[in-house]
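**Student:**
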Ligand code: URA
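In this note's numbering, the protein residues as written are 13 to 253.
(1) Check whether the Cβ atoms of residue 22 and residue 69 lie closer than 8 Å to each other.
(2) Say the cut is 7 Å; is the CB of residue 143 nearer than that to a heavy atom of the ligand URA?
(3) On the DSSP bridge assignment, give the partners of residue 86 in chain order.
(4) Could you please go through the chain and list the residues whose beta-carbon is closer than 5 Å to any non-hydrogen atom of the ligand URA?
(5) If you check the beta carbons only, do residue 138 and residue 192 fall under 8 Å apart?
(6) Give me the DSSP bridge partner(s) of residue 188.
(7) In angstroms with no decimal places, state the Cα-to-Cα distance between residue 202 and residue 132.
(8) Take residue 26 and list the residues in its own chain whose beta-carbon comes closer than 8 Å to its own, dropping the five residues that flank it on each side.
(9) Alpha carbons only, please: which of 118, 113, 107, 64 is nearest the one belonging to residue 231?
(10) Spell out a yes or no on whether the segment 178-194 and the segment 145-152 are touching, meaning 3 or more CB-CB pairs, one atom from each, closer than 8 Å.
(11) Nearest by alpha-carbon distance to residue 134: which of 195, 163, 95 is it?
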């Protein structure tokens, strides 16, 4: 049994807040009877309608995509450019969990499971995301220390991170740095390097929690296994506080 507003939002009716409004506006019937209280509990065996149209739980879908560069990370684009959704073969209304920039490639999760998406993107959740950045310049150890211990962006220090030099190209004055962060602030990786005076020339997300891009080529996707979905849920619960 679960609360009516949660059930409706899981059916894809609207956000949980909006569903509360819909309930209070007497638009929802459970087994033919208008229910306008938020605490009402329902289950899959109930016949539930919104504006007299039946709503049912959708099958949950979970995908991992190796996002190419130059692809928009949203459900729709007003200029009709290719979005990450175009890479997934489904009729379900899926959306990306978090964002990768237009010019960032790498590991992206997509789902129609709002609950998991909320858990994974909530600031209290400390899921590790690993990026490989190609930067302009030769990075020094002081800056690696700075990346790991926090850099003030928009007045707020970034949380502890892990940074590792993967390769230095002395001839062309470029560095390749692996940066593992637990937050998901806007353009965080680019801004962290930017604050230290480095321009990010290429950025790829290689890991999301325990997930990697293994066996995926650019533009390819696959469904997550039940085991992977359970592990994401369990880790999300464990790591939140
Ligand atoms: N940080 C960035 O700067 N860009 C991304 O796409 C992801 C993390």
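Don't be surprised by glycine CBs; every beta carbon is placed ideally from N, CA and C. Owing to the predicted nature of the structure, the values given are computational and were not obtained by experimental measurement.
**Tutor:** On the basis of the supplied data:
(1) Counted from its first residue, the chain shown places residue 22 at position 10. Counted from its first residue, the chain shown places residue 69 at position 57. Yes, Cβ-Cβ distance for residue 22 and residue 69 is below 8 Å.
(2) As a working note, residue 143 is residue 131 in the chain shown. Between the ligand URA and residue 143, a heavy atom-to-CB distance of less than 7 Å is present.
(3) For the purposes of this step, residue 86 is identified with residue 74 of the chain shown, where counting begins at 1. Its beta-bridge partners do not exist; DSSP assigns none.
(4) Qualifying residues, in the order they occur: 112, 113, 116, 199, 200, 201, 202.
(5) To locate residue 138, count along the chain shown from 1; it is residue 126. To locate residue 192, count along the chain shown from 1; it is residue 180. Not in contact: residue 138 and residue 192 (Cβ atoms no closer than 8 Å).
(6) Here residue 188 is taken as the residue at index 176 of the chain shown, counted from 1. Residue 188 is bridged by DSSP to 146, 179.
(7) Translated into positions along the chain shown, residue 202 becomes position 190. Translated into positions along the chain shown, residue 132 becomes position 120. One C-alpha to the other measures close to 21 Å.
(8) Taking the chain shown and counting its residues from 1, the one referred to as residue 26 is at position 14. By the criterion of a C-beta distance shorter than 8 Å, residue 26 is surrounded in its chain by 20, 34, once the five residues flanking it on both sides are discounted.
(9) Here residue 231 refers to the residue found at position 219 when the chain shown is read from its first residue. The residue with the shortest Cα to Cα distance from residue 231 is 118.
(10) Yes, the segment 178-194 is in contact with the segment 145-152.
(11) What you label residue 134 is simply residue 122 of the chain shown in a count that begins at 1. Closest option to residue 134, Cα to Cα, is 195.
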